[in-house]
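Working notes, structure below.
Numbering (mature numbering (1 follows the signal peptide of the UniProt record, and there is no 0)), first residue to last: -20 to -1, 1 to 504.
Listed below in C-alpha cells is the structure:
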C-alpha cells in the first residue's frame, strides 16, 4: 500500500515500571553510525549521524495516561534544513511496521526533492519497529525461522483448491498468534505498540519542538506526510487531535474504519483492474519497451496470451535450473501470482521486468526462472502483529469455517491477490491475545467536523490494495479535506506541484508512469 506522490507547495500554503533506561547524553559533535551508540534522552537532543543527518533517541512513557507503567524509546533521523526556523515534517512510509529511518537513509536526495529543502524532514521508527523500543519479535534469537515463516506462510498465496493447504495455513497462523502472545518482554509488553500510542508519540514530539522554540506546548501543531498505513496513522491523529494539525498530506489513502474493524474487506476492490493496465500499457509501449508485447495486435491479445501461459503453468509447473539455485525449486502459478501482486505496488519500476518474467514462463525458460525473485517480503512480521493489536479482538476468523469464508470473499474480490491477502489480513489475529490498554484502544468512528488545517489526500484511481473508494470515504469523514486523484495505477513517481489560482490548486502537465505512458490528475 505505497504511493510516491508529494505535493510540496501544500506545505507552504494554507489550503482554506519498565526497564531502566540510561539518559546520559553523548558529546554533541561525535559522529555516530549506529543507533546503538545514541543514549536516550528526555528531550530532542540531536547528534550528528551517518555523515549527513542528525539523530536522536527519545524516551517516552509506554502510556501517557499512566506514566508509572514504564518507558520505551523512539528513534528519529533528520535531514536538517539550512533554514533555522524550518518546520519538522514527520514521515511514515507505511506498513504497519515500515521504518521511516530506513526510508530516509535510502533516498535522502529524493525526499529533499519531493518535500523541499526549506523543511526539516524527520523519519522515525514507530513503536515495535527497527531502532525503536518494544520488541515485537515472535521468534526470539531465530531470524532464520522468522524469515522462513514469513516467506512460506504469511507472504505466499494459499492453494485454495486444496483443503489440506487451507487447513494447514489456518493452523499455522493460529500458532503464530499463540507464539507471539507468549514471546513478550514483561517490562515492555507488545500491547503498547499500537497506532493510537504512535499518534500520541507524534503529538508529544510536536510539544517538545514547541518547548525548545519557546512556543506554547498546548497548541503545538503536527506537520506530517504519511503513505499507505501512514494514512491510517494520520487519520487516527486527526480524529484524536483535530486542532493540532499544521499540515497533513496522506498518500495512498486507506479506509481506516475498515482497518480497525479487522475486516479489511474492501482492500482488493481494484486489484484486478490495476493488473489489466499491464496489458494496455504494454501494448501502447511497443516491443522496444515491453518484452511481452511481441507482434500482438491489441491489448486483449496480450491478455489472452497471458491466460494461456498461466493455465499452462497451473497444469505444468517448471523446474527452475537446479544448477543455478541454492536448492531445487519448482516455479508454479502461486509464484507467478505473487510476482504480479508485488509488482503492482510500483508498476513504473516493475512492469518492465514483469513483462520479461511472462516471456520466461511462456518459453519455459528454466535458467531465467532460476534468477526470478520469488516475491519480496513486502512487510516484516511486525506488520501482522501491529495490525492484530489494533484490531483488538474484533477479527472474527476464529474458526476454520470463518477462515474459509473470508478466503472465498478475497478470492471473489481479486483473482490476483485473493489467495495471498488472507494471510496478511486477519489470519493470525484470533489467537493473538494482545489488546491495547484502555487509554490506547481506538473507539468510536474515524473523522471529525473540522481540523485546524484541511487535510490533503492523494490516491491513485487503481491502487491494488487501497482502492479509490476508500480514499473518497476517508475524505468525506474530514470535511474541508481535498482529495487529489491520479488517473493511473498505484503510483506516479514524479513530484507534483500545486500552483495557486483564485479557484484553488491547479495541476501541471502529467508525469510519465508505467511504460512511459501518461497519468492524469483531478482534484475532488
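Just so it is clear, CB atoms sit at the ideal spot from N, CA and C, and this is done for glycine as well.
Item	Value
Contacts around residue 347, its chain only, beta-carbon distance under 7 Å, and the 5 residues preceding and following it disregarded	301, 304
For residue 440: DSSP bridge partner residues	466
Beta-carbon proximity check, residue 173 vs residue 369, cutoff 8 Å	yes
Residue 396 to residue 318 span [Cα, whole Å]	8 Å
Contact under 8 Å by Cβ, residue 118 with residue 442	no
C-beta atoms of residue 258 and residue 325 nearer than 8 Å	no
Coarse secondary structure for residue 313, derived from DSSP in three states	helix
Sheet register partners of residue 68 (DSSP bridge)	100
Residue from 13, 19, 446, 103 with nearest C-alpha to residue 234	446
Separation of residue 93 from residue -12, as counted between CA atoms	Confidence in residue -12 is poor, its pLDDT being 44 and thus under 50, which makes the residue's placement unreliable; the coordinate value appears in the next sentence. Using only the alpha carbons, I get a separation of about 12 Å.
One or two residues paired with residue 298 in a DSSP bridge	311
Close beta carbons around residue 239, own chain, < 6 Å, minus the five adjacent residues each side	212
For residue 463, the nearest candidate out of 229, 37, 161 (CA to CA)	229
Same chain, Cβ closer than 7 Å to residue 112, five either side skipped, listed in chain order	53, 54, 55, 105, 106
Which residues DSSP lists as bridging residue 230, in chain order	206, 437
Residues of its chain near residue 316, where Cβ-Cβ distance is below 8 Å and the 5 sequence neighbours each way are ignored	290, 293, 337, 341
Residue 310 burial status per 10 Å Cβ neighbour count (16 or more: buried)	exposed
Inter-residue CB distance, residue 181 and residue 205 (contact presumed, cutoff 8 Å)	Not really, about 16 Å apart at Cβ, beyond 8 Å.
Beta-carbon contacts of residue 218 that lie in its chain and below 7 Å, excluding the five residues immediately before and after	225, 228, 428, 431, 435, 458
Inter-residue spacing [alpha-carbon to alpha-carbon] between residue 512 and residue 408	Past the boundaries of the shown model lies residue 512; the chain is included only from -20 to 504, so the question cannot be answered.
Beta-bridge pairing of residue 259 - partner residues as DSSP gives them	In DSSP, residue 259 forms no bridge with anything.
At least 3 beta-carbon pairs within less than 8 Å: the segment 95 to 103 vs the segment 66 to 78	yes
Start-end ranges of the alpha helix (DSSP H) lying completely within the segment 133 to 164, minimum 4 residues	143 to 162
Buried versus exposed, by CB contacts within 10 Å (16 or more), residue 482	With a pLDDT of only 33 at residue 482, under the threshold of 50, the placement of this residue in the model should not be trusted; the figure read from the coordinates follows. Burial call: exposed.
Whole-angstrom distance between residue 138 and residue 126, CA atom to CA atom	19 Å
Proximity of residue 85 and residue 57 at Cβ, strictly below 8 Å	yes
Distance between residue 252 and residue 47 (C-alpha atoms, nearest Å)	48 Å
Boundaries (first-last residue) of the beta strand (DSSP E) holding residue 39	33 to 41
CB of residue 400 within 8 Å of CB of residue 321, strictly	yes
Through-space distance from residue 29 to residue 11, alpha-carbon basis	5 Å
Cβ pair residue 377, residue 298 closer than 8 Å	no
Other residues of its chain near residue 469: CB distance less than 6 Å, five sequence neighbours each side excluded	254, 257, 327, 442
Close-in-space but distant-in-sequence residues of the same chain around residue 237 (CB under 6 Å, 5 per side omitted)	426
Three-state secondary structure (DSSP) of residue 56	strand
Neighbourhood of residue 398 by C-beta, 6 Å cutoff - its chain only, sequence neighbours within 5 removed	390, 391
Residue 362 in three-state terms, based on DSSP	helix
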